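Notes for the one structure printed next.
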Amino acid sequence: MSATFMGMPAFPEAARAATGDAQLRHNLRKATRTIRDKRAAVVEELDDWAGLRAAGAAIKNRTLRHLDTYLERLEEAVTAAGGTVHWAADAAEANAVVTDLVRATGHDEVVKVKSMATQEIELNEALAEAGITAYETDLAELIVQLGDDTPSHILVPAIHRNRSEIREIFRAKMAEWGVPAPDGLTDDPRALAEAARTHLREKFLTTRVAVSGANFAVADTGTMVVLESEGNGRMCLTLPETLISVVGIEKIVPTWADLEVFLQLLPRSSTGERMNPYTSTWTGVTPGDGPQEFHLVLLDNGRTDTLADQVGRQALRCIRCSACLNICPVYERTGGHAYGSVYPGPIGAILTPQLRGTASEIDASLPYASSLCGACYEVCPVAIDIPEVLVHLRERVTEGGGHAAERTAMAAAGWVLEDRRRLTLAQRAAAKARGLVPRRLPGPGAAWTDTRDVPDIPAESFRDQWRRRESGAPGRNERKKRGGRR
Amino acid sequence: MRIALFITCVNDTLFPRTGWAVVRLLERLGHEVVFPEAQTCCGQMHYNTGYRREAQRLAVGFVRTFADADVVLAPSGSCAGMVRDNYPRLGEPGSRLEAAVAEVAPRVLDLSELLVDVLEVTDVGAYFPHTVTYHPTCHGLRLLRLGDRPQRLLRAVRGLELVELEGAAECCGFGGTFAVKNAAVSAAMGSDKARHVAHTGAEVLCAVDNSCLMHIGGTLSRQRAGVQVLHLAEILASTEEEPASP
């Protein structure tokens, strides 16, 4: 049996390193528990949460079923409002569209509203290659960008950093990107926020092109909607001359009335707030007010394929709230980087392998990055049955070849378990060998015995004891046989 | 009542004493326990790891074995959850398996459901003079929605003191093959769970799943925490004449 039996090393290896990082685990535990408790408290306040959740899921399902219709309606509405719609089949196409649009403005700098879609297509890197500098304006994204880091949480990209780490990043890096950090910067949250504000203010006032994503796109009116906590996004959405929004095709809601549901579900699930601090909406262009040029890049990048999968398509209902990350015991101990994708946590474990496929080692390991405890499903505001999709994707991995040794072992186990006679023989063989079980097991068993004691194997299985009792055969009184210690 | 026991492959092989505790308890309450010997395994490990065809074959065996049972008792929350929650996903639409699952699955119960809902008893006449803390287990909590049934049963046990477990609803990190595939995370979750258990000061950790108890108990034992683990059935079967030893 090979050492990688049962194993797809990518996530497990990254996770092993993360679980060994005491500072990281401390930062993560503190942050996820704080948001988790806040969310639980505000959700508890509502007596119709279950109904809202069902409504959110139903609206998303209906929209996804008729996505073609709503996409066309959206394009018509955006165009009628003076915007331009671009269609991008994949990341390369989307990046090319945005790069060309920025080049056409004659500028080589853009300010960015925090956006998962642009992270997903690695837009900043593509722009950099074209000689265009992208400035992240969300506080946490700024920390990540200055730290030459990658986000590790959907909502709180710098969740893995604490205050003193952030101060160090600001002091070392702000000057390279613009206004430097003030002398004597402390790790007081107010001082850190003020340093970021001063640094960013210059970008807002001088940059003429902005790039955003959108939380929702209203098909009826062609309106984009962004929810944020800091107001930095609003600066980007109103001050520049040109606004380019990159939006996944699944972000559509048919009407403004549908928004009502999500404007309740999202803040409570994500930041644990009753209402969102900054909700910005923009529709095409308005002469003399806000950006005078608006481009909407509608991004597919694997979404149509995901839509075609009857079990997996529910992942497209996701509104990127992060509730599943904050509740997940696996995420809490590994952080987001272990998932090797812009979408970490339980939703990342089902979304990423669907968007990217399961060919690579990391993508094939993601569906197994869960104990299937079900906490993610319980908190999901649009009721995505994440465990169901995880198992479904595991089936895809095993059908695609999976791991030869595991496959053989599973087939053998299946053969034994399928038949009571074979099972009985196997149990008797195990009972005979019970004295031979070492304290530390070799091979894949070592993963167990490194930190846990193995239970003793009883001398006789239940079925053998039962048979003896039924046949009235003499023997030791099974009631006094208590199987030994665990 | 005539109750068919689905012992589960893990209990059958490693924890037969849980099976006998169930038998003792139910017979004490005046019921008949039968053990259909053709039974083997519910297929949870195969299903959860992505081996659907193997799981389907085991599901076919299960529904055939228990087709005639009025009530099937599974002293394992995750196995009962597998049958009730996941079997309906295993049969193709219109298949014989799908029809058989629809017949059998709703009759598969966890011990606390059988006692509280069907037999309508919470005081089973047990005696267990020890401090106990209860780990609800993910499948008991979220698939079966056992609620406070197990705690109600435990509170009615004479001599037993039930103490709260911090972070009770959090997964212990076992997760079947997860414990092997993602050993580091599983161990980290297990050690946090064991720490919370040790903090309660209880003598005994109780649950409805021996797999979780094997994982948490193995961790407690390695840490020499001095806390024993016992399946709910063993505590409920315990009497002054035949006490369960913690």
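Sequence order for the protein chains is A and B.
The first sequence stops at residue 486 when you use UniProt numbering, and every number in between is there.
The second sequence stops at residue 246 when you use UniProt numbering, and every number in between is there.
Note that beta-carbon positions come from the ideal geometry of N, C-alpha and C, so glycine has one too.
Note that this is a predicted model, so its numbers are computed, not measured.
In terms of residue numbering, what span does the beta strand (DSSP E) encompassing K60 (chain A) cover? If you number the first sequence from 1, residue 60 (chain A) lands on position 60. That residue, K60 (chain A), is in no beta strand (DSSP E); its alpha helix (DSSP H) goes 49-65.
Can you have a look at D68 (chain B) and say buried or exposed, based on whether 16 or more other CB atoms are within 10 angstroms of its CB? Numbered from its first residue, the second sequence carries residue 68 (chain B) at position 68. D68 (chain B) comes out exposed.
Is the beta carbon of G140 (chain B) less than 8 Å from the beta carbon of V208 (chain B)? Residue numbering aside, residue 140 (chain B) sits at position 140 when the second sequence is read from its first letter. Residue numbering aside, residue 208 (chain B) sits at position 208 when the second sequence is read from its first letter. Against a cut-off of 8 Å, the Cβ pair of V208 (chain B) and G140 (chain B) comes out as a contact.
Interfacial residues, the stretch 442-461 of chain A to chain B, with Cβ spacing under 9 Å: From the stretch 442-461 of chain A, only P444, G445, A446, A447, W448, T449, D450, T451, R452, D453, V454, P455, D456, I457, P458, E460, S461 have a Cβ closer than 9 Å to chain B.
In three-state terms, what does DSSP make of V179 (chain A)? On the first sequence, residue 179 (chain A) is found 179 positions in, with the first residue counted as 1. In this structure, V179 (chain A) counts as coil in the three-state DSSP scheme.
Under 6 Å Cβ to Cβ from K114 (chain A), same chain only, skipping five residues before and after it: list those, please. In the first sequence, counting from the first residue as 1, residue 114 (chain A) sits at position 114. Here K114 (chain A) has D138, E141 as same chain residues with Cβ atoms under 6 Å from its own Cβ, once five neighbours each way along the sequence are excluded.
Along the chain, where does the alpha helix (DSSP H) containing V437 (chain A) start, and where does it finish? As a working mapping, residue 437 (chain A) is identified with position 437 in the first sequence. Element bounds for V437 (chain A): n/a, residue is neither H nor E.
Could you spell out the range, first to last residue, of the beta strand (DSSP E) harbouring V72 (chain B)? The residue given as residue 72 (chain B) occupies position 72 in the second sequence. Residues 71-73.
Span of the beta strand (DSSP E) around R317 (chain A): Taking the first sequence and counting its residues from 1, one reaches residue 317 (chain A) at position 317. Under the DSSP assignment, R317 (chain A) falls outside any beta strand (DSSP E); it carries neither an H nor an E label.
Length at least 3, wholly inside the UniProt domain "4Fe-4S ferredoxin-type" (315-384) of chain A: the beta strand (DSSP E) runs in chain order: If only complete runs of 3 or more residues are kept, the UniProt domain "4Fe-4S ferredoxin-type" (315-384) of chain A shows no beta strand (DSSP E) anywhere.
Since Y134 (chain B) sits in a beta bridge, which residues does DSSP pair it with? Here the question's residue 134 (chain B) lines up with position 134 in the second sequence. Residue pairing for Y134 (chain B): DSSP places it in a beta bridge opposite B:C206.
Beta carbon proximity, C373 (chain A) to chain B, threshold 8 Å: Working through the first sequence from its first residue, we reach residue 373 (chain A) at position 373. Judged by the 8 Å Cβ criterion, C373 (chain A) is in contact with chain B.
Would you say R486 (chain A) lies against chain B (beta-carbon separation less than 8 Å)? By 1-based counting over the first sequence, the position of residue 486 (chain A) is 486. Because R486 (chain A) sits at a pLDDT of 43, beneath the cut-off of 50, its placement in the model cannot be relied upon, and the following sentence gives the value as read from the coordinates. At least one beta carbon of chain B lies nearer than 8 Å to the beta carbon of R486 (chain A).
Which residues bound the alpha helix (DSSP H) around L97 (chain B)? Here residue 97 (chain B) corresponds to residue number 97 of the second sequence, with the count starting at 1. Residues 96-104.
Alpha carbon to alpha carbon, what distance is there between T84 (chain A) and R201 (chain A)? The residue you call residue 201 (chain A) lines up with position 201 of the first sequence. The residue you call residue 84 (chain A) lines up with position 84 of the first sequence. If you take the alpha carbons of R201 (chain A) and T84 (chain A), they lie about 29 Å apart.
Distance, G56 (chain A) Cα to F6 (chain B) Cα: Here the question's residue 6 (chain B) lines up with position 6 in the second sequence. Here the question's residue 56 (chain A) lines up with position 56 in the first sequence. Rounded to whole angstroms, F6 (chain B) to G56 (chain A) spans 39 Å at the Cα level.
Please classify M8 (chain A) as buried or exposed, where buried requires at least 16 neighbouring CB atoms within 10 angstroms. For the purposes of this step, residue 8 (chain A) is identified with residue 8 of the first sequence, where counting begins at 1. Confidence in M8 (chain A) is poor, its pLDDT being 49 and thus under 50, which makes the residue's placement too unreliable to answer from.
Can at least three beta-carbon pairs, one atom from the stretch 452-461 of chain A and one from the stretch 217-234 of chain B, be found at a separation below 8 Å? Enough Cβ pairs lie closer than 8 Å, so yes.
Considering A126 (chain B), what are the terminal residues of the beta strand (DSSP E) in which it resides? Here residue 126 (chain B) corresponds to residue number 126 of the second sequence, with the count starting at 1. Where A126 (chain B) is concerned, there is no enclosing beta strand (DSSP E), because DSSP gives it neither an H nor an E.
Are the C-beta of R482 (chain A) and some C-beta of chain B separated by less than 8 Å? By 1-based counting over the first sequence, the position of residue 482 (chain A) is 482. At R482 (chain A) the pLDDT is 42, less than 50, meaning the model places this residue with poor confidence and gives no usable figure here.
Element boundaries [beta strand (DSSP E), containing Q228 (chain B)]: Position 228 of the second sequence, counting from 1, holds the residue named residue 228 (chain B). Following the DSSP letters along the chain, one finds Q228 (chain B) inside the beta strand (DSSP E) bounded by residues 228-231.
Nearest candidate by alpha-carbon position, reference V118 (chain B), set B:R24, B:L236, B:R149: Stepping through the second sequence from its first residue, residue 118 (chain B) is reached at position 118. The residue with the shortest Cα to Cα distance from V118 (chain B) is B:R149.
For M1 (chain A), does the three-state DSSP call read helix, strand or coil? Here the question's residue 1 (chain A) lines up with position 1 in the first sequence. The pLDDT assigned to M1 (chain A) is 30, lower than 50, so where the model puts this residue is not dependable; a value taken from the coordinates is nonetheless given after this. DSSP places M1 (chain A) outside both helix and strand once states are collapsed to three, so it counts as coil.
What would DSSP say about M224 (chain A), mapped onto helix, strand or coil? Taking the first residue of the first sequence as 1, we reach residue 224 (chain A) at position 224. It is a strand residue.
So is T79 (chain A) in contact with chain B if we call contact Cβ pairs under 8 Å? Walking along the first sequence from the start, residue 79 (chain A) turns up at place 79. Closer than 8 Å: no.
Who are the Cβ neighbours of P157 (chain A) in its own chain at under 6 Å, not counting the five residues just before and after it? The count along the first sequence starts at 1 and reaches residue 157 (chain A) at position 157. Closer than 6 Å at Cβ, skipping near neighbours: A140, E141, V144, P151.
Option nearest V157 (chain B) by Cα separation, candidates B:L144, B:H130, B:E32: The residue given as residue 157 (chain B) occupies position 157 in the second sequence. In this structure, B:H130 is the residue among B:L144, B:H130, B:E32 with its C-alpha nearest to the C-alpha of V157 (chain B).
Going by Cα to Cα distance, which pick from A:T206, A:D90, A:D363, A:C318 is closest to N215 (chain A)? Translated into positions along the first sequence, residue 215 (chain A) becomes position 215. Per the Cα distances, A:C318.
Under 7 Å between beta-carbons, which chain A residues line up against V180 (chain B)? List them in chain order, please. By one-based count along the second sequence, residue 180 (chain B) stands at place 180. Within chain A, M6, P444, A447, W448 have C-beta atoms less than 7 Å from the C-beta of V180 (chain B), given in sequence order.
Beta-carbon of V391 (chain A) versus every beta-carbon of chain B: anything under 8 Å? In the first sequence, counting from the first residue as 1, residue 391 (chain A) sits at position 391. Yes, V391 (chain A) lies at the interface with chain B (some Cβ there is under 8 Å from its Cβ).
With a cut-off of 8 Å, does the C-beta of D183 (chain A) fall near any C-beta of chain B? Translated into positions along the first sequence, residue 183 (chain A) becomes position 183. It does not; no Cβ of chain B falls within 8 Å.
DSSP three-state call for L425 (chain A): helix, strand or coil? The residue labelled residue 425 (chain A) in the question sits at position 425 within the first sequence. Correct three-state label for L425 (chain A): helix.
Using 10 angstroms around the beta-carbon of S238 (chain B), count the other beta-carbons present and answer buried if the total reaches 16, otherwise exposed. The count along the second sequence starts at 1 and reaches residue 238 (chain B) at position 238. Buried, because 16 or more other Cβ atoms sit within 10 Å of the Cβ of S238 (chain B).
Extent of the continuous alpha helix (DSSP H) to which H392 (chain A) belongs: By one-based count along the first sequence, residue 392 (chain A) stands at place 392. For H392 (chain A), the uninterrupted alpha helix (DSSP H) run begins and ends at 386-399, by DSSP.
Listed by chain order, chain A residues near I7 (chain B) by CB distance under 8 Å: Taking the first residue of the second sequence as 1, we reach residue 7 (chain B) at position 7. Residues of chain A passing the Cβ test: F462, R463.
Does any CB atom of chain A fall closer than 8 Å to the CB of V204 (chain B)? Within the second sequence, the letter at position 204 stands for residue 204 (chain B). Output row for V204 (chain B): interface = no.
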